[in-house]
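Enquirer: Under the UniProt record's numbering, the first residue of the sequence shown is numbered 1, with each subsequent residue one higher. Think of the CB as a built atom: it goes at the ideal place given N, C-alpha and C, for glycine as much as any other residue.
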Amino acid sequence: MQLVSVERTEEYSTGLPTEPQDVNQQLPPAWPERGSLEFHGVVLAYREGLPNALDGVSLLVRPSEKIGIVGRTGSGKSTMFLALFRMVELNHGQILLDQLDISTVGLAQLRSRLAIIPQDPFLFSGTIRENLDPCGRHLDQQLLDVLDQCHLTSVVSRMGGLDAEVGERGKRLSAGQKQLLCLARALLTQAKVLCIDEATASVDQKTDRLLQKTIRDKFQDKTVLTIAHRINTIMDCDRVLVMHAGKVVEFDTPAALCQTNNSIFHRLREVSQGVP
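(1) To the nearest angstrom, report how far apart V6 and M87 are at their CA atoms.
(2) Looking at C-alpha atoms only, which residue of K247, E270 and F124 is the closest neighbour of F39?
(3) For A108, is the classification buried or exposed, using 16 other Cβ atoms within 10 angstroms of its Cβ as the cut-off for buried?
(4) Please confirm whether L147 and Q179 have their CB atoms less than 8 Å apart.
(5) Helix, strand or coil: which one does DSSP assign to T127?
(6) Three or more C-beta pairs under 8 Å: does that hold for the region 160 to 178 against the region 87 to 105?
(7) Just verifying my parser: in three-state terms, what is the DSSP assignment at L114?
(8) Closest to D221 by CA distance: which of L27, Q25, P28 and P32 is it?
(9) I need the straight-line Cα distance from T226 to C195, nearest angstrom please.
(10) Just to confirm, are I117 and L183 a CB contact at a threshold of 8 Å?
(11) Of the choices I67, G71, R129 and E65, whose alpha-carbon is the least far from that of D163?
(12) Whole angstroms is fine: what's the gap from R185's alpha carbon to L123's?
(13) Under three-state DSSP, which class holds N261?
(14) Measure the C-alpha to C-alpha separation of V71 and F265 and round it to an integer number of angstroms.
(15) Using only the alpha-carbon positions, how far apart do D236 and S58 sit?
(16) Using a Cβ-Cβ cutoff of less than 7 Å, which residues in the same chain neighbour L82 once the five nearest sequence positions on both sides are dropped?
(17) Suppose you measure from the CA of K206 to the CA of M159; what does that come to, to the nearest Å?
(18) Using the rule of at least 16 other Cβ atoms within 10 Å of the residue's Cβ for burial, across every protein chain shown, is D197 buried or exposed?
(19) Out of E168, T104 and L114, point me to the one whose CA is closest to N131's CA.
(20) Quick one: what does DSSP say C195 is sitting in, helix, strand or coil?
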């Protein structure tokens, strides 16, 4: 029995793939300063033999643009975020952030310069302070400021302040409050690119509106990519990206897409409004 355990430990330590431990390069302290994003012929498959999850994706997102991303399940929406954060490496193509190829940037460096609100917001089993500022780099007043900007001051005060425990995976907070706390964390990092993966899928409409207002007001100078669960949440985006089978099939303003009767986005909006 012990020999089997040793063999299994050896298998896990040598056989499982690990992320490359990149040597960090010298980056400008403020990189990315503008938040421009370019995909050039990006191809990505999760495993050899599987269809491409991203199949020749090329696009340009301008600094501070607000982009809504829609498409059916399996269209490649979330895979774009995985590629941007280098959770999965590309088979072909390039992703440039402020004209720098992200494959040349260390993983820790890259991910520290981006912010994400995932579909299921992740919170540590610790305090409000630890969840906002895990490395302890900010003053209390800075933490209180971002909580206020994200409409969480009264919630945190009732819990007992910055050193209040959030419980296992944040169980003392509602789904909407967890997402607002993740938004406050993103605001604190001052990342120029914010990725939101269907963050409003599990919250009520009141909290949804609060999230959208906070993003509009506090991230005006940031590039924001939002995978939409509710079509109405991205109608005020600068442009909408429609994905299908790993390809970009539409990329234009919401108004332009809605005026095109045969557009996929036009049809998705009709369905969301109950039009048969």
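Expert: With the structure as the only source:
(1) Here residue 6 corresponds to residue number 6 of the sequence shown, with the count starting at 1. Here residue 87 corresponds to residue number 87 of the sequence shown, with the count starting at 1. The predicted model places V6 with a pLDDT of 47, which falls under 50 and marks its position as unreliable, so this point remains unresolved.
(2) As a first step, residue 39 must be located in the sequence shown, where it is residue number 39. The shortest C-alpha separation from F39 is found at K247.
(3) Here residue 108 refers to the residue found at position 108 of the sequence shown. Its Cβ having fewer than 16 others within 10 Å, A108 is exposed.
(4) Stepping through the sequence shown from its first residue, residue 147 is reached at position 147. Stepping through the sequence shown from its first residue, residue 179 is reached at position 179. No, these two residues do not count as a Cβ contact at 8 Å.
(5) Mapped onto the sequence shown, residue 127 falls at position 127. Reduced to three states, the DSSP call for T127 is strand.
(6) no
(7) What you label residue 114 is simply residue 114 of the sequence shown in a count that begins at 1. Residue state, collapsed to three classes: strand.
(8) Your numbering for residue 221 matches position 221 in the sequence shown. Selected option, being the one with the closest Cα: P32.
(9) Residue 226 sits at position 226 when you count from the first residue of the sequence shown. Residue 195 sits at position 195 when you count from the first residue of the sequence shown. Taking the straight line joining both Cα atoms gives about 6 Å.
(10) For the purposes of this step, residue 117 is taken as the residue at position 117 of the sequence shown. For the purposes of this step, residue 183 is taken as the residue at position 183 of the sequence shown. Cβ atoms of I117 and L183: closer than 8 Å.
(11) Your numbering for residue 163 matches position 163 in the sequence shown. It is R129.
(12) Along the sequence shown, one-based indexing puts residue 185 at 185. Along the sequence shown, one-based indexing puts residue 123 at 123. Their Cα atoms are separated by approximately 11 Å.
(13) Residue 261 sits at position 261 when you count from the first residue of the sequence shown. Coil at N261, not helix or strand.
(14) Locating residue 71 in the sequence shown gives position 71, counting from the first residue. Locating residue 265 in the sequence shown gives position 265, counting from the first residue. Just to set this straight, residue 71 is Gly in the shown sequence, not Val. The alpha-carbon atoms of G71 and F265 are separated by roughly 8 Å.
(15) The sequence position of residue 236 within the sequence shown is 236, counting from 1. The sequence position of residue 58 within the sequence shown is 58, counting from 1. Spanning the two alpha carbons is a distance of roughly 23 Å.
(16) To locate residue 82, count along the sequence shown from 1; it is residue 82. Counting only Cβ-Cβ distances below 7 Å, and skipping sequence neighbours, we find V88.
(17) The residue given as residue 206 occupies position 206 in the sequence shown. The residue given as residue 159 occupies position 159 in the sequence shown. Rounded to the nearest angstrom, the two C-alpha atoms are 21 Å apart.
(18) Here residue 197 refers to the residue found at position 197 when the sequence shown is read from its first residue. Around the Cβ of D197, a 10 Å sphere holds 16 or more other Cβ atoms; the residue is buried.
(19) The residue you call residue 131 lines up with position 131 of the sequence shown. Of the candidates E168, T104 and L114, the one whose C-alpha sits nearest the C-alpha of N131 is E168.
(20) In the sequence shown, residue 195 corresponds to position 195, counting from 1. Note: C195 maps to strand in three-state DSSP.
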